[in-house]
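**Student:** Below are the structure tokens for one structure; questions will follow.
In our numbering, the protein residues as written are 18 to 223.
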């Protein structure tokens, strides 16, 4: 299970202006801000240049590193372990298991169980019930032994929310590295990447 929402793309105007710096071709800029749709629109000249640079390789498409994405992602820990491979030009603020693991009751929706067999899911939910018993003991007693029990038995299917910032270059690297991955979560994430503004032109234009 993965949920991707509250995405925002910004700095497109500055990025395309910077892309024209090497040739001092600012007079050919024809992009504009569409107030009705609250979006920045690449004009024909700028879009043509952006496509050519994006396709020419990383040395020429430096400007897409200046197009930033902010997004909320809720995903299981097993997916986050793979996402954390991408350390360049990424920032994330996550919900805290250290500080807040005990603050609410454990429920089925706190975990990714969508690919479990019925038998496995039944046994897993019994385990979740046991975790809830341990959580209550910690809340009642403040005994850190129970807190350590929670931290050390927390399964990798536990869903964590992170607000992430990355750029179009990183998104492109993720797309080509993960689009055929065995985890369905990566397919969902790559499908989201394709919905970003000018993704076909700037992110998956190789």
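Ideal Cβ placement from N, Cα and C applies to all residues, glycine included.
Just the Cα atoms here: how many angstroms apart are residue 165 and residue 131?
**Tutor:** Here the question's residue 165 lines up with position 148 in the chain shown. Here the question's residue 131 lines up with position 114 in the chain shown. In a straight line, the C-alpha of residue 165 is about 27 Å away from that of residue 131.
**Student:** With distances taken between CB atoms, is the gap from residue 118 to residue 188 smaller than 8 Å?
**Tutor:** If you number the chain shown from 1, residue 118 lands on position 101. If you number the chain shown from 1, residue 188 lands on position 171. Cβ distance not < 8 Å, so residue 118 and residue 188 don't count as in contact.
**Student:** Could you give the DSSP three-state label for residue 121: helix, strand or coil?
**Tutor:** As a first step, residue 121 must be located in the chain shown, where it is residue number 104. In the structure shown, residue 121 sits in coil (DSSP, three-state: anything other than H, G, I, E or B).
**Student:** Do three or more CB pairs link the stretch 88 to 105 to the stretch 169 to 189 at distances below 8 Å?
**Tutor:** At 8 Å Cβ cutoff, the stretches touch.
**Student:** Find the nearest neighbour of residue 95 within the set 183, 177, 71 and 204, judged by alpha-carbon distance.
**Tutor:** Position 78 of the chain shown, counted from the first residue, corresponds to residue 95. The option with the nearest alpha carbon to residue 95 is 177.
**Student:** Residue range of the beta strand (DSSP E) that residue 183 falls in?
**Tutor:** Reading the chain shown from its first residue, position 166 is the one you call residue 183. Note, residue 183: beta strand (DSSP E), 176 to 184.
**Student:** Fully enclosed by the stretch 33 to 67, which beta strand (DSSP E) runs are 3 residues long or longer?
**Tutor:** 49 to 51 and 56 to 58, all fully within the stretch 33 to 67.
**Student:** With residue 166 as the anchor, note down where its alpha helix (DSSP H) starts and where it stops.
**Tutor:** Taking the first residue of the chain shown as 1, we reach residue 166 at position 149. Where residue 166 is concerned, the enclosing alpha helix (DSSP H) stretches over 161 to 170.
**Student:** Which residue wins for smallest C-alpha separation from residue 39, given the options 144, 66, 150 and 143?
**Tutor:** Here residue 39 refers to the residue found at position 22 of the chain shown. Of 144, 66, 150 and 143, the residue nearest in Cα terms is 66.
**Student:** Provide the residue(s) that pair with residue 111 in DSSP beta bridges, ordered along the chain.
**Tutor:** As a first step, residue 111 is located in the chain shown; it is residue number 94 there, counting from the start. DSSP output for residue 111 lists 179 as bridge partner(s).
**Student:** Per DSSP, residue 193 forms a beta bridge with which residues?
**Tutor:** By 1-based counting over the chain shown, the position of residue 193 is 176. In the DSSP output, where bridge partners are listed per residue, residue 193 has none listed.
**Student:** How many angstroms separate the CA atom of residue 125 from the CA atom of residue 55?
**Tutor:** Stepping through the chain shown from its first residue, residue 125 is reached at position 108. Stepping through the chain shown from its first residue, residue 55 is reached at position 38. Going from the Cα of residue 125 to the Cα of residue 55 covers about 38 Å.
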